[in-house]
Every structure is written in structure tokens, then in C-alpha cells.
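Written out below as C-alpha cells is the structure these notes cover.
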Amino acid sequence: MRAPSLARIEWWMRPAKDRALLHRIELEHGFYLANLRQDEIKATLADNFAAQTAALEDISYSLDELRDTIAVGFSAVADGLSAVSEGVYQLHLDAVGTHARLDDILFCLVDKAGFQRELAARRARAKADRARYQASGEYADAMTLTKRALNDSDRGKAGAMLDEAIILFERANQHPELALQASFQLGYLHHVHRQDIEAACSYYEHALGPGYSAHYVRTARHLAHLDYLREQYEPAYARLLDLVVHDDAITRFAADLAHVNDQPWPDCMDGIEHSLASHADLLERCNRLARFTSSSPANDVSARQNDSRRAMTTS
186 MRAPSLARIE WWMRPAKDRA LLHRIELEHG FYLANLRQDE IKATLADNFA
236 AQTAALEDIS YSLDELRDTI AVGFSAVADG LSAVSEGVYQ LHLDAVGTHA
286 RLDDILFCLV DKAGFQRELA ARRARAKADR ARYQASGEYA DAMTLTKRAL
336 NDSDRGKAGA MLDEAIILFE RANQHPELAL QASFQLGYLH HVHRQDIEAA
386 CSYYEHALGP GYSAHYVRTA RHLAHLDYLR EQYEPAYARL LDLVVHDDAI
436 TRFAADLAHV NDQPWPDCMD GIEHSLASHA DLLERCNRLA RFTSSSPAND
486 VSARQNDSRR AMTTS
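The numbering used here applies: residue 186 is where the sequence shown begins, and numbers increase by one.
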């Protein structure tokens, strides 16, 4: 360990003849003082670091408190803005309701009979909405019971749930928007649960719906299966053959359209006209395709081209 700077300076300030006479005890004393000085420095630095650590800890606690205070403040502001928004929305609703009442009053004053008809129409719409809501709830409850019954190992309990599901499906079947789905479920339950094939066929017949739709195809397959169980093989074969022929026709129509898509303009228009003419029977059988082709832009363009051709021929 080196001697401190003051001891070294003091040693160099001595006369040259006294420099070599430095006693060992003086060096040891200087080293001792240096060690004391370093211990004091270490102690001072340790105290400073401890004080700084305590100060940083206090600052951290203060920042946490500030953060919590700010969060509480923002939460209060958000609650206040939410209350203001609800109040403004309620004012909007009140204003809309007021305008509606004023319109009704004016309508009643101007045309009392028309206002009575409007009230009757509103009551009818509200009644229809309630009926649909009730029927959809009964249909959903019946579906839940059916799923639970099919997964229940207790045959007696499952049978009771299926009986209740049939009652709910019968109620939902009274609503026009749910009649197809409810009739299909009733046909399935009468076939699987009650083993009444005749009743199942009757319900399936009412559940066919629009021709060649996905629901129609599914129901027709079930009817073909029941025809097979009743040993009515020809009707079963006819049902399935009709579906297969229709599926083949759709496949050919899709292939023709894909070929038309590869043709350049305006040659593709002749291809579209040829495809539509070639598959006219398919379009007549399939309501969705018929509506699509009748409202498609290709038909409008084709119509304009035919008009122009007829005009050129006439001229």
C-alpha cells in the first residue's frame, strides 16, 4: 500500500541528507493513517449509499402513491364521462320519444282513420315479434332437451325428455319462420323415438321447403330412407336419383362457367348466353340460381347486346 500524498510531500521537502534517514516507524504510521483515511472514506460512502437508497425508496413509495392517486382520478373521470354519456343518450331517447309522440299527435289530427290503421299495424307487428320470440325460445328448449336425451344413458329419463321436446317442437311448428326446422325435428323424433314411420314421413313432407336447397336435400334423403324401410324401393330410388341428377347438372353448369371465365372479352358473353340456354332446365328447378341469373349484370349486358343486334338488323 502506498503512503498518502501528504507524507510523500513531507518526505520530499526534507533536506537531501535527511531523506534517507526516514525511520520505518514513520512509514508504518503513514500507512496506518492511510488505512484510517480509506476506512473513513468507505464508511462515508456506505452512509451516502444508504441515505441515497432510503431516498430512492421514499421516491418509489411516493411514485406509487401518485400512480394510485392518478388511477383513482382517471377512474372517477371515466365514471363521470360514462354518467354524462348515459345522460346524453337518455336525453336523445327522450327527444326521439317526444318527436314520435308529436308525430303521432299530428298524424291523429290530420288523418284519424290512418292513425288508427297505423296503431293496428304496430300492434300486429308487436304481436308477431312476441310470437316469434316465444316460438324461437320453445324451439331452442326443444333442441336442448333432444341433445341431452340423446346423451343420457337412462332410457326412461331420455324418453321423457324426448316426449317433452316433441311437445315444444309442435308449438314452434305453428310459427311460419320455424315450421320447416321444427317439422324436420318432429319427423326425426317420430322415426327414432316413437318408431312411427308414417307420422315421420308426414312431418318430413312438410319440411321439404324450397326445391333443391340444402334443407330440401337433407329432408329428401331422410324420406328416401323411410321409403326403403317401408319397402317402397321405387319412390326411394326416384328421390335419390333426382338428387343425383340435379347434382350432376350443377356440376356441369359450374364447369361451363369456369370455361367461360377463361375466355377473353367479349367472347365470354356468348359463352354465358350459351351456358344459360343450355342449362335452362336447371335454372328453372333451382330458385336461387334463377334469381341470381335473372338479376346478374351478365343478363343486363346480354340484353343490351341483343337490343343493339336487333337495331342493326332493322336498320
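Glycine included, each C-beta is placed from N, C-alpha and C at the ideal position. The structure displayed is predicted, hence computed values, not measured ones.
Take Ala364 and list the residues in its own chain whose beta-carbon comes closer than 6 Å to its own, dropping the five residues that flank it on each side. Asn358
What's the call for Glu242, buried or exposed, on a 16-neighbour Cβ count within 10 Å? exposed
Residues near His407 in its chain [Cβ-Cβ closer than 6 Å; skip 5 each side]: Tyr389
Just to check my reading of the structure: Ala327 and Gln366 have Cβ atoms closer than 8 Å, yes? What is that Cβ distance to the nearest angstrom? Between Gln366 and Ala327 the Cβ distance is about 10 Å, and since that is not below 8 Å, they are no contact.
To the nearest angstrom, report how far apart Val295 and Ser321 are at their CA atoms. 39 Å
Are the CB atoms of Glu323 and Arg302 within a distance shorter than 8 Å? no
His444 - DSSP class collapsed to helix/strand/coil: helix
Starting from Ser387 and walking both ways along the alpha helix (DSSP H), at which residues does that stretch end? 382-391
Are the region 422-439 and the region 371-389 in contact at 8 Å, needing three or more beta carbon pairs? no
Given His375, which residues of its chain have a CB within under 7 Å of its CB, disregarding the five upstream and five downstream residues? Asp381, Ala384, Ala385, Tyr388
At what residues does the alpha helix (DSSP H) containing Ser368 begin and finish? 364-377
Are the Cβ atoms of Ala434 and His464 separated by less than 8 Å? yes
According to DSSP, simplified to helix, strand and coil, what is His360? coil
Candidates Val402, Ile351, His277: closest to Cys471 by CA position: Val402
Going by the beta-carbon positions, is the gap between Ala392 and Thr404 smaller than 8 Å? yes
Rounded C-alpha distance that separates Asn143 from Ser260: Residue 143 lies beyond the stretch modelled for the chain, which goes from 186 to 500, so this question has no answer here.
Assuming Ala350 and Leu335 form a contact by the criterion Cβ under 8 Å, report the distance between their Cβ atoms to the nearest whole angstrom. Contact flag wrong, Cβ pair sits at about 10 Å.
Along the chain, where does the alpha helix (DSSP H) that runs through Cys453 open and close? 452-463
For a test of the three-state rule: what should DSSP assign to Cys293, helix, strand or coil? helix
Helix, strand or coil at Gln417 [DSSP, three-state]: coil
With distances taken between CB atoms, is the gap from Glu250 to Arg317 smaller than 8 Å? no
Nonlocal neighbours in the same chain, by C-beta distance under 8 Å from Cys293, ignoring five residues either side: Phe300
Quick check on the burial criterion: 16 or more other C-beta atoms within 10 angstroms. Buried or exposed for Asp452? exposed
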